[in-house]
Each structure stands twice: as C-alpha cells, then as structure tokens.
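> Residue numbers (our numbering): 434 to 1028.
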Amino acid sequence: MSDIEAIRKEIEELRRVIREHDYRYYVLNEPIISDYEYDQLMAKLIALENAHPELITPDSPTQRVGGEPTKEFPTVVHEIPMLSLSNTYSVEELQEFENRIKNLLPGEPIEYVAELKFDGIAVSLIYRDGVLVQGATRGDGERGDEITNNLKTIRSVPLRLFSKDHLPQNIEVRGEVFMTKSAFEKLNKEQEKLGEKPFANPRNATGGTLKLQDPKLVAKRSLSFTAYYLRLLGEDREKIPLHTHFEALHMLRDLGFPVSRHIALCKSLWEAIEFCNTWEEKRDELPFEIDGVVIKVNRFDQQERLGSTAKSPRWATAYKFKARQATTVLKKIHFQVGRTGVITPVAVLEPVALGGITITRATLHNEEEIQRKDIREGDTVIVERGGEVIPKIVGVVKEKRPSDSVPFQMPSTCPVCGGPVIREREEVAVRCENIACPAQVHRRIAHFASRTAMDIEGLGESWIQALIENKLVSDYGDLYFLQKKDLLKLERMGEKSAQNLLDAIEASKTRPLDRLIFALGIRHVGTNVAEILADHFGSIEKLKNASEEELSRIEGIGPIIAESVVQFFSQPQNLQVLEKLKKAGVQMEEARTPV
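What follows is the structure, encoded as structure tokens:
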C-alpha cells in the first residue's frame, strides 16, 4: 500500500469515528468520549487534511464552516410544498379534526403520532448518494432561500448519511432548526456586550441567525436541529418500503438524524390528547421551547387519500398550548422613540420567570390600549407570553393598586429631545416632529446598518451612541466619511476594531439596491416593498423622481406607501443624506434591468 493510500485510509477512518461520536452525542444522547478526546480526533483530521488538501471531501466533518459570505441567497422551489399546519386550541377542535378524517375514511382504524412542536424555523435538507447537497428555508411554502452553507454549520445536521443495506441514500428530510434556552441566554449576553439589541425569544434568534450571510457567524451561535419528515427520492422510493410516519421517524434516527425522544404512537385520539395535556404541564422542564403538539395520521396511504387543502394537510394538525401568564409589578412606563419619531410606551417590570425565560419588559402598544385597560405605574399586572415577539400585559389586578396611582398620559413633549409631538390624522401613534432628535438619529443609523439593510458588521448600539455623542455622525451618510483617527478617540476603540469597522462600512457600499432602499428608513417600506421598488425603477434616481400616481400603479404599492415614498424624497434633509451616499460611492442603482 502506498503512503498516500495509507493516509487516505487513516483520514476515512477518522471521519467514520467522528461521525459515530456525533451520532452518539446528537441522536442517542449517549456520548462515550469526553469533549477533549473528541477535539483531539478533530484536530488530527484537520492536520491530515491540511497536509493533503487533495483528500478533502465536501462531506468531511471539517467542512462544516467552509462557505464564503454571500450577498444574496438563491431561491429554491420545493418539489412538494412545505405547507403550514392547521391550528387547534381545544379538545373540541381536536374532535372536529378527527370527525373530518373519519368522514373521509369511513370505517377505517386510525392511528396517530403525537410529537412536540418545536418553536423554531422549518427547513428542508436534500441528500444525494448520502451527501447533503441542499438546505433551504420553508419560505412561503412554495419557495425558500437556499442556505446550505449555514445549515452545514449545525453540528446535529449530518453531512453524510449512515449507509446500511436497508437505508436510503437519496432523500429529503424536513425538520426544525431551534436554539436551546441556555444557548439563547448566552447569545443575548454576547449581544449586550457588543452593544447590540438582545433577541426577544429563541425563535427570533434562530430566524435571525439563519439569515446571516456569513456561515462563520452562524457557526458561532449554537443552533440545533430535529428531524420530523422523510421523503425517499429516485430509486430508493421504489426499493425501500416505508408505510408509516412512525417507521419514518425510526429510519431518520438510523440515518443519523436527531429525532425528538418525546413521541407517542396513539391508538386513539384520546391517547394523543393525553400526550398534549402531559406536555402542556411539563413544557417548562424542557431545555428548548415548544408551543404545542403536532398530531399526524400515521399511515402514509391514509395521508395520501386525505390529501391537503391549499394551505395545510388534512391529515395533521397543531394543538397549540395556551399562552403562559405570570403576575408581577409594573415599575415604570418607559418611552422609546423610533426612527420615524413614533413614541412607544414600554412596561418596565419586576423580573418574573415565564416559560423558562426571565421577563423584564412588556409591550404596551399605544396610549389608547393603555387607557382601555387602565394600566398605571405601580400596578400589579398579568403578563402573557404567547407567540408574540415580546410579552404583553393582558390585565391589571386592581385590588392591589397603590392608593396614590394616577392614570396614564402620553408625554406632551418628546421624552428624548423635548421637542413638540403630534398625532397624525387617523393614527393612534404619537410622533416627535424633530427630525434631528438624537433618538431618531440613533434608530435611523441602527436600521441603516442592520443585517437586513446595509449589514455593517460591528456597528452595534453602543458604537452608534458613541459616534452621535462625540458628534462624529449626525446621519447615516456620515458613516462613509469616518476616519480611523476619529474612531481611535472613542473609549475602548482599538486599532483593530477601528479598521474592522471601516472595512465593514466600505464593504456595505455594494449592497443590492433593494437593501439600500430598505435601509433608507422610508415609512411603510419593508423588505418586500423595497424589492418591488428596486425591480421596477432600477435606481435611486428614478425612484426619487417618481410621482404618487406612478407609484400607486405598481402592483403591491398602495396609495399610503406611494405618499410616504414621495414625501421622503421631497424633504431636503433626506436629499442631502442621499448626496452624501452618492459622493461616498455607495451603489445607487441595480445591475439588473428594471421592468
């Protein structure tokens, strides 16, 4: 045997051993070596592959973090749509679900599989000849983003399937990417250290992480994966018998996928209901978030005959748990000023545990909502955490109200700059009129630099605040004229950090036009509307000169958005900022041809 053949065999054996330990750790939850011993195996494999790069393969355990940053995710069309599930909220609604099934399958025995509904992000994984070749988000169900390199960084996603005689090698697997409660808390501590806004919940953190365009950043956050769907592809579909969902879950485990250990094969709906009741009581004991139980008809032939509606399968439903509630004291009502000047009241609470997460703030929406519920500072309030981004106050325990409490009133001047506030026609929002308000300037710059906009890495909340306070910037156009000598004057800003920030600002100049349009912070213009405007006009110059009438004729752009766009480009201060962007060399038009 030649030396290179011996090295090839050693590398292949190391990969096999590492995959076996990954399987024991992530699937069986039965590790047999320490983290140190595992790291030693990985270090040896990395050293051998570095010495012999011609022997590196895409499915090697070392290749999880190998993808380069991307400007845009390609779109993937799902061969079979990733439909959403219908929701049920009571035993009566579950019985109605079963009655519909029995009407379509009269006289047939029905088995169900009940499994936990992970509160994460649904993804699809495609394997060809045992190797992961594509990973995509659910998207709108028909089309999603191709995020293969991001998904490869998740240690519990196998890059290569286990290969045995009875196991398929050409498959589609669907499952949920999620973040454990401990990983979420660790991430938020890191966000706060960097001066970044903490995530509201693990699901938001997961979604935000999967949208990152640099796999190396994704790898730094501890995402997990659980599989719940298997579809055989090509010849494997004909060769390998698979009759039930329960069998499919066991096959997924054999292939190397983590599958929830909390699954029940139910001979009746009542067994499934018992499973729901058990986990509604025990959900806080889990290390991850769930928001219900999914109940599926077990037999594939019955699933096929039941079929689907345009939105959801008839053979499955999600039983959603009731929102969690807790009682605490509302210490203070704090006011936030957004980038468009909207003043939003936020409840500052005595810390209270709710669903395994400590809650310190809750949304209050607006003045009308507060007055309708008669919420006051010092009140004992009932806080609810359902599917919302942040918890909300659903009621007041008025028996515990302090005798000196006073009814709530919105401020008559801006709480940040002291400028006048207005309430525009037919709006519940109160708005600060001062466009130079420091809070508005801060929020506009933060929005401009955010990952879904110009994605200026490293420009967190604390640095933005420091730049404003030191009068280095007064708008986002000023970012492009910052110099290293100015940055080095900031407290805690070192040589390397300053250069990294300048490099990130420079890199943002070539973002796609739709990202720039979104970054401008035009009221009512979100990412989808920005994409429509970029496709239609092809440049900032053409968009700037568009009339309300022309804008209103575009599909997806109504009169409110049209008015907002025209108003934005009619304001001299906005035109001045655009001139700064142009002078700095920010890309102001799209390479593609406008429609």
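C-beta: ideal position from N, C-alpha, C; glycine also.
Would you kindly work out how many angstroms separate the C-alpha atoms of Asp376 and Thr711, rounded to a whole number?
Any question about residue 376 goes unanswered here, given that the chain covers just 434 to 1028.
> Alpha carbon to alpha carbon, how far is Pro746 from Leu517? Give it in angstroms, no decimals.
In the sequence under discussion, the amino acid at residue 517 is Ser, which differs from the Leu named in the question. Rounded to whole angstroms, Ser517 to Pro746 spans 8 Å at the Cα level.
> Once you ignore the five residues that flank Ala413 on each side, which residues in its own chain have a CB closer than 6 Å to its CB?
Within the shown structure, residues of the chain are numbered from 434 to 1028, placing residue 413 beyond reach of any answer.
> Excluding the five sequence neighbours on either side, which residues of its own chain have a C-beta within less than 8 Å of the C-beta of Gly828, listed in chain order?
Cβ within range, chain order: Lys806, Val814, Ile815.
> Within 10 Å of its beta-carbon, does Tyr469 have 16 or more other beta-carbons around it, so buried, or fewer, so exposed?
Result: exposed.
> Given a cut-off of 8 Å, decide if Arg809 and Leu787 are closer than it, judged by their beta-carbon atoms.
No; because the gap between Cβ atoms is not below 8 Å, this pair is not in contact.
> Taking 8 Å as the threshold (C-beta atoms), are Glu981 and Val726 in contact?
No, these two residues do not count as a Cβ contact at 8 Å.
> Less than 8 Å separating the beta-carbons of Lys653 and Pro720?
Against a cut-off of 8 Å, the Cβ pair of Pro720 and Lys653 comes out as no contact.
> Counting C-beta neighbours from all protein chains within 10 Å, is the total for Thr1026 16 or more, i.e. buried, or is it exposed?
Below a pLDDT of 50, predicted positions are generally treated as unreliable, and Thr1026, at 45, falls in that range; no measurement from the model is reported.
> Where do the ends of the alpha helix (DSSP H) carrying Arg571 lie?
Segment: none, Arg571 is in no alpha helix (DSSP H) and carries neither H nor E.
> From this set, Arg452, Ala979, Asn1007, Glu438, which residue's C-alpha is nearest Val874's C-alpha?
The shortest Cα separation from Val874 among Arg452, Ala979, Asn1007, Glu438 belongs to Asn1007.
> Can you check which of these residues, Met612, Thr659, Leu663, Lys918, is closest to Ala638 by C-alpha distance?
Considering only alpha carbons, the answer is Met612.
> Where does Ala681 fall in DSSP's three states?
Looking at Ala681 - three-state DSSP - the assignment turns out to be helix.
> I need the DSSP call for Ile728, collapsed to helix, strand or coil.
Three-state DSSP puts Ile728 in a strand.
> Quick one: any contact between the segment 466-483 and the segment 581-598, if contact means 3 or more CB pairs under 8 Å?
No, because fewer than three Cβ pairs between the segment 466-483 and the segment 581-598 fall closer than 8 Å, the two stretches do not touch.
> With a threshold of 16 other CB atoms inside 10 Å of the CB of Gly553, please say whether the residue is buried or exposed.
Buried is the call here.
> Considering only DSSP beta bridges, list what His767 is partnered with.
Per DSSP, Val779.
> Measuring CB to CB, does Thr521 end up less than 8 Å from Tyr752?
Taking 8 Å as the Cβ cut-off, Thr521 and Tyr752 qualify as a contacting pair.
> Are the C-beta atoms of Gly640 and some chain D residue less than 8 Å apart?
Here there is only one protein chain, and chain D is not present.
> Can you tell which of Tyr456, Glu704, His695 has the C-alpha that lies nearest to the C-alpha of Arg593?
Of Tyr456, Glu704, His695, the residue nearest in Cα terms is Tyr456.
> If I measure Cβ to Cβ from Val830 and keep anything under 8 Å in the same chain, skipping five residues before and after, which residues do I get?
For Val830, where only same-chain residues beyond five positions count, the Cβ hits under 8 Å are Thr760, Asp812, Thr813, Val814, Ile815.
> Specify, as a first and last residue, the run of the beta strand (DSSP E) that Thr796 falls within.
Segment 790-796, the beta strand (DSSP E) holding Thr796.
> For the putative contact between Leu558 and Leu584, defined by C-beta atoms under 8 Å, what is the C-beta separation to the nearest angstrom?
Their Cβ separation, rounded to whole angstroms, is 7 Å, which keeps Leu558 and Leu584 in contact under 8 Å.
> Give a yes or no on whether the C-beta atoms belonging to Arg864 and Val775 are separated by under 8 Å.
The answer is yes: Cβ separation under 8 Å.
> List in chain order: all unbroken alpha helix (DSSP H) runs of 4+ residues lying wholly within the segment 963-1015.
Here the runs fully enclosed are 973-977, 981-985, 992-1003.
> Ignore the nearest five residues each way along the sequence and tell me which others in Val1028's own chain have a CB closer than 7 Å to its CB.
Here the model assigns Val1028 a pLDDT of 44, short of 50, so the residue's position is not dependable and the matter cannot be decided.
> Could you tell me if Arg670 is buried or exposed, where buried requires 16 or more neighbouring beta carbons within 10 angstroms of its beta carbon?
It is exposed - the Cβ of Arg670 has fewer than 16 other Cβ atoms within 10 Å.
> Taking only heavy atoms of the ligand ATP into account, decide whether any of them is closer than 7 Å to the Cβ of Ser557.
Only the bare structure without any ligand can be found here, which leaves the ligand ATP out of the picture.
> Alpha carbon to alpha carbon, how far is Val450 from Gln898? Give it in angstroms, no decimals.
Those two C-alpha atoms are separated by around 50 Å.
> Check this for me: beta carbons of Arg452 and Pro491, under 8 Å apart or not?
In this structure, Pro491 does not lie closer than 8 Å to Arg452 by Cβ.
> By a C-beta neighbour count over all protein chains shown, 10 Å radius and 16 as the cutoff for buried, is Trp703 buried or exposed?
The residue in question, Trp703, is exposed, as its Cβ has fewer than 16 Cβ neighbours within 10 Å.
> Quick one, which of Val998, Asn634, Thr750 has its alpha-carbon nearest Ile823's?
Comparing Cα-Cα distances from Ile823 to each of Val998, Asn634, Thr750, the minimum goes to Asn634.
> Rounded to whole angstroms, what's the CA-CA distance from Val606 to Met475? Just pull it up for me.
Taking the straight line from one Cα to the other gives about 27 Å.
> Identify which residue in Gly891, Glu890, Leu920 has its Cα closest to the Cα of Glu902.
For Glu902, the nearest C-alpha among the options comes from Leu920.
> Can you list, in chain order, the residues of its chain whose CB lies under 8 Å from that of Glu625, leaving out five sequence neighbours each side?
Pro631.
> So what's Thr613 in DSSP terms, helix, strand or just coil?
Looking at Thr613 - three-state DSSP - the assignment turns out to be coil, as it is neither helix nor strand.
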